[in-house]
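J.: Quick one: the structure is below, questions incoming.
Protein chains: 2
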Amino acid sequence: MGSLERIRAVAQRIARTRSQGHEVIVVVSAMAGETNRLLALGHALSSRPDPRELDALVATGEQVSVALVAIALQEIGVPARSFLAHQVRLRTDSNFTKARILGVDTERLIESARNGVVPVVAGFQGIDEEGNTTTLGRGGSDTTAVAIAAALGQGVPCEIYTDVEGVFTADPNLCPTARKISRISYEEMLELASLGAKVLQIRSVEIAMKYSVPVHVRSSFSENEGTWVVREEEALESVVVAGVTSDTNEAKLTIRQLENRPSRIAEIFEALAEAKISVDMIVQNPSVDGRTDLTFTVSKVDLHKAKEVCERLLPHYEISVREDVVKVSIVGLGMRSHSGVAAKLFRILADEGIPIEAITTSEIKVSCLLPAKYHELAVRSIHDGFGLGRGQTGERNF
Amino acid sequence: MGSLERIRAVAQRIARTRSQGHEVIVVVSAMAGETNRLLALGHALSSRPDPRELDALVATGEQVSVALVAIALQEIGVPARSFLAHQVRLRTDSNFTKARILGVDTERLIESARNGVVPVVAGFQGIDEEGNTTTLGRGGSDTTAVAIAAALGQGVPCEIYTDVEGVFTADPNLCPTARKISRISYEEMLELASLGAKVLQIRSVEIAMKYSVPVHVRSSFSENEGTWVVREEEALESVVVAGVTSDTNEAKLTIRQLENRPSRIAEIFEALAEAKISVDMIVQNPSVDGRTDLTFTVSKVDLHKAKEVCERLLPHYEISVREDVVKVSIVGLGMRSHSGVAAKLFRILADEGIPIEAITTSEIKVSCLLPAKYHELAVRSIHDGFGLGRGQTGERNF
Chain A
82 MGSLERIRAV
92 AQRIARTRSQ
102 GHEVIVVVSA
112 MAGETNRLLA
122 LGHALSSRPD
132 PRELDALVAT
142 GEQVSVALVA
152 IALQEIGVPA
162 RSFLAHQVRL
172 RTDSNFTKAR
182 ILGVDTERLI
192 ESARNGVVPV
202 VAGFQGIDEE
212 GNTTTLGRGG
222 SDTTAVAIAA
232 ALGQGVPCEI
242 YTDVEGVFTA
252 DPNLCPTARK
262 ISRISYEEML
272 ELASLGAKVL
282 QIRSVEIAMK
292 YSVPVHVRSS
302 FSENEGTWVV
312 REEEALESVV
322 VAGVTSDTNE
332 AKLTIRQLEN
342 RPSRIAEIFE
352 ALAEAKISVD
362 MIVQNPSVDG
372 RTDLTFTVSK
382 VDLHKAKEVC
392 ERLLPHYEIS
402 VREDVVKVSI
412 VGLGMRSHSG
422 VAAKLFRILA
432 DEGIPIEAIT
442 TSEIKVSCLL
452 PAKYHELAVR
462 SIHDGFGLGR
472 GQTGERNF
Chain B
82 MGSLERIRAV
92 AQRIARTRSQ
102 GHEVIVVVSA
112 MAGETNRLLA
122 LGHALSSRPD
132 PRELDALVAT
142 GEQVSVALVA
152 IALQEIGVPA
162 RSFLAHQVRL
172 RTDSNFTKAR
182 ILGVDTERLI
192 ESARNGVVPV
202 VAGFQGIDEE
212 GNTTTLGRGG
222 SDTTAVAIAA
232 ALGQGVPCEI
242 YTDVEGVFTA
252 DPNLCPTARK
262 ISRISYEEML
272 ELASLGAKVL
282 QIRSVEIAMK
292 YSVPVHVRSS
302 FSENEGTWVV
312 REEEALESVV
322 VAGVTSDTNE
332 AKLTIRQLEN
342 RPSRIAEIFE
352 ALAEAKISVD
362 MIVQNPSVDG
372 RTDLTFTVSK
382 VDLHKAKEVC
392 ERLLPHYEIS
402 VREDVVKVSI
412 VGLGMRSHSG
422 VAAKLFRILA
432 DEGIPIEAIT
442 TSEIKVSCLL
452 PAKYHELAVR
462 SIHDGFGLGR
472 GQTGERNF
């Protein structure tokens, strides 16, 4: 959602889709910059604004959008009606600013659509059991859309309109040879989203996977097909590495010379969890004399709080932080059956002289934490090293 | 509600009131200019935006304010919690953009206040039976506040913070000798509000009168006592004329040579009512041969629609409109027992050479429609002619 011009364009697009005979339920996000503008107001009044009030505040962004899209649709002769979270009982837990959807009532939406009135639903917002306004975190409108598609029943597709053409093998801004992926599995998309590819909110992919919602990620600015996110068996042929992604929003925290006992480590991560801080990578380097260096990464916005938590728990230890790092990852279902993928990744980085600060792996991805200055170089060399680029032999045949 | 600075000032004021031992429930309106900004967005997309969607749109202004005031209160150590219309079940009819309050549940507000958490309620907004967002019309936050005070029980006072010091005998911008009124009756306030004194929404005065809510209209910018709006018997001494007010938002419509039959007149006002157009003054000048000139005034925003309605109903009649008019009125409970008030008014206008285009009266007011260019002159000469100014003999002894 950009300016009023964008809202008019969205209305035109909805009208076209509808004129092709589709019944449409629309979910909209806030206008460009609006969420940040609202957050800035809240943060101008308090360094730690109450999350409940922040949610009441930022949820207005989507409320403005739904009303404007409904008005724009009506103006071009398409009956439309806005719906807010409390009007469709889009229920979430009470985890303000990052609530999880528990359920949504689609009867009113279906009834409206059947009567030829396009329902325009506010994304990103929900209500908890007490009726408090909640929000779903950045990109939460994707999740609203997928959750509604899932609630509508098996096989209802969900189109996500965004400012890019689809999901790419790497960020095209970093890597000129990056290629749009036609079809990708939920599992791969989940890893890509978790690893910093901002095209879809992670939670939306989880829900899509759980309920087999076919998701089409495409550009609001063109009619081109984008990327379909589908079940693994529908992704035709799996390749070793589907894409490279990177994330500059993490920071590294290291505690030196910690006693190497499991209870000590547990205490630390319990304290962080209690402070609602998500930890991503965790690396433990055992050293001599039963002591260990513990390194982990958290979101940059949580770094200050994480450091405080650790300092309170461990007043006599050396705790250091580093912010100028980037996490670069490769993702691919094929890793499950191909060995040597991680080794190849480390070789590519070594050949470029890029030092690795931490490594984590899962069944279908490998992530490396690198000094931030190697960001572009690492993405490009990995992308081309695995043959993901246009015209390269590793290209998928979708 | 002005800028963030204003929000901080409001929070300080609430904190002071609370530290004086009062339990406080706060109702807030949108930040200055916000409602107009939102309306402009809606009107940019459509010349006749859907009232339901406009309400969903503009209600966000108050939602932003309540969250920000709650955050500002918390920041200075006052526990606070925002409430939206659907969270306190502030129910209205479905008359979008000018809905009437049907009821409000105050349990959650009382419970919150008892627990030391200041409830901050979004003014201006409501929900109808279907859960649609509604709004109460300009100044609707006054009405929200009075309705909540009324629901809290007998004698709970309602303070209305505004940008003026209280209710004046005339608009101080027009009339330099205008004086602040200390106490005024609901009846007089109702007429003043109806006649264009913008200090309180009419509906708020109606509810205050019905439930005997003492209303204190005062400045957000000073600690001075403002004007108390109270029952007639509490207004101590009634004077002939309490104040002079004027309204430039009306326009005049004249239909010439209409058949002078009651059914004809009824048809016209039925058609206008059906189009939801409020008619204010109605003047009928019988002429010879059973025909009559009918003049009435409507809000300027409704003039175009009113003219269309009349032209459709009366295609062969001469219909003229005039926009450069002002309605100047005097209000006072004393008129009920004093004769000659209207005569004195007409004499004052005649002495200044001001022509009168239409006259209407009620038990406690007289209104004259005048050419707009005489606005200031009329208000000043009437105000001083009735001895309402500072140091004049007609001054009330409150």
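Respectively, the protein sequence lines represent chains A and B. Under the numbering used here, the first residue of the first sequence carries the number 82, and numbering increases by one thereafter. Under the numbering used here, the first residue of the second sequence carries the number 82, and numbering increases by one thereafter. All C-beta atoms, glycine included, are put in the ideal place defined by N, C-alpha and C.
State the DSSP-derived secondary structure class of Arg477 of chain A, mapped to helix, strand or coil.
T.: Low confidence applies to Arg477 of chain A: its pLDDT is 38, below 50, so where it sits in the model is not reliable enough to give any reading.
J.: Just to confirm, is the Cβ distance from Ser127 of chain A to Gln155 of chain B under 9 Å?
T.: yes
J.: For the region 207-235 of chain B, which residues have a CB atom closer than 8 Å to at least one CB atom of chain A, in sequence order?
T.: Gly212, Asn213, Thr214
J.: Going by DSSP, name the residue or residues bridged to Ala439 of chain B.
T.: B:Leu450
J.: How is His103 of chain A classed by DSSP in three states: helix, strand or coil?
T.: coil
J.: Straight-line CA distance for Arg133 of chain A to Ala148 of chain B?
T.: 8 Å
J.: Confirm, please, whether the CB-CB distance from Thr250 of chain B to Val325 of chain B is below 9 Å.
T.: yes
J.: Could you give the first and the last residue of the continuous beta strand (DSSP E) run that contains Ile208 of chain B?
T.: 206-208
J.: At a CB-CB cut-off below 7 Å, which residues of chain B make contact with Pro130 of chain A?
T.: Ile152
J.: State the start and end residues of the unbroken alpha helix (DSSP H) segment that holds Ser193 of chain A.
T.: That run of the alpha helix (DSSP H) goes 188-195.
J.: Distance check for Asp244 of chain A and Glu476 of chain A, CA to CA, integer angstroms please.
T.: With a pLDDT of only 37 at Glu476 of chain A, under 50, the local geometry of the prediction cannot be trusted, and the value read off the model is given with reservation. Answer to the nearest angstrom: the Cα atoms are 24 Å apart.
J.: Quick check on this structure: which residue in A:His385, A:Glu433, A:Gly470 has the alpha carbon closest to the alpha carbon of Tyr455 of chain A?
T.: Of the candidates A:His385, A:Glu433, A:Gly470, A:Glu433 places its Cα closest to the Cα of Tyr455 of chain A.
J.: Kindly confirm or deny that the region 192-202 of chain B and the region 156-165 of chain A touch, where touching means at least three C-beta pairs closer than 8 Å.
T.: As far as the Cβ criterion goes, the region 192-202 of chain B does not touch the region 156-165 of chain A, which means the pair count is below three.
J.: Name the DSSP bridge partner or partners of Thr329 of chain B?
T.: Paired residues: none, contrary to the question.
J.: Scan the region 213-246 of chain B and note each continuous beta strand (DSSP E) run of 3 residues or more that stays entirely inside, going in chain order.
T.: 214-216, 239-243
J.: For Arg87 of chain A, would you say it is in contact with chain B, using Cβ-to-Cβ distances shorter than 9 Å as the test?
T.: no
J.: Beta-carbon separation of Leu339 of chain B and Val390 of chain B under 9 Å?
T.: Not a contact, by the Cβ cut-off of 9 Å.
J.: Report yes or no: is there a C-beta of chain B within less than 9 Å of the C-beta of Leu126 of chain A?
T.: Closer than 9 Å to some Cβ of chain B, the Cβ of Leu126 of chain A qualifies, so yes.
J.: For Leu190 of chain B, would you say it is in contact with chain A, using Cβ-to-Cβ distances shorter than 9 Å as the test?
T.: no
J.: Would you check if the region 330-349 of chain A and the region 285-303 of chain A touch, i.e. whether three or more CB-CB distances between them fall below 8 Å?
T.: no
J.: Please name the residue in A:Leu375, A:Val108, A:Val402 whose C-alpha comes closest to that of Thr225 of chain A.
T.: A:Val108
J.: For the 8 Å Cβ check, are there 3 or more pairs between the region 198-211 of chain B and the region 259-267 of chain B?
T.: no
J.: May I ask you to list the residues that DSSP assigns as paired with Arg299 of chain A?
T.: A:Tyr242
J.: Check the Cβ-Cβ distances between Gly204 of chain B and every residue of chain A, and say whether any is below 9 Å.
T.: no
J.: State whether the region 460-471 of chain B contacts the region 377-395 of chain B, with contact taken as three or more CB pairs (one from each stretch) at a distance under 8 Å.
T.: no
J.: Under 9 Å, Cβ to Cβ, is there at least one residue of chain B near Gln93 of chain A?
T.: no
J.: Might you give, ordered along the chain, the residues of its own chain that have their beta carbon closer than 6 Å to the beta carbon of Leu171 of chain B, omitting 5 neighbours on each side?
T.: Val185, Gly207
J.: Using only alpha-carbon positions, find the residue among B:Gly142, B:Ile440, B:Asn366 that is nearest to Leu119 of chain B.
T.: Nearest option by C-alpha distance: B:Gly142.
J.: Give the straight-line distance between the Cα atoms of Thr378 of chain B and Glu399 of chain B, rounded to the nearest whole angstrom.
T.: 16 Å
J.: Using a Cβ cut-off of 9 Å (strictly closer), state whether Leu276 of chain B contacts chain A.
T.: no
J.: Confirm, please, whether the CB-CB distance from Ile437 of chain B to Leu451 of chain B is below 9 Å.
T.: Their beta carbons are under 9 Å apart, which means Leu451 of chain B touches Ile437 of chain B by this criterion.
J.: Do Ile157 of chain A and Ala90 of chain A have their C-beta atoms within less than 9 Å of each other?
T.: no
J.: State buried or exposed for Ala111 of chain A, treating a residue as buried only when at least 16 other CB atoms are found within 10 Å of its CB.
T.: The residue in question, Ala111 of chain A, is buried, as its Cβ has 16 or more Cβ neighbours within 10 Å.
J.: What whole-angstrom Cβ distance do Ile262 of chain B and Val248 of chain B have, given they're in contact under 8 Å?
T.: That pair is a contact at about 5 Å.
J.: Within the 9 Å Cβ cut-off, does Val156 of chain A reach chain B?
T.: Reading the sequence as shown, one finds Glu at residue 156 of chain A and not Val. Yes, contact with chain B.
J.: Mapping the DSSP letters down to three states, classify Gly184 of chain B as helix, strand or coil.
T.: In the displayed model, Gly184 of chain B falls within a strand according to three-state DSSP.
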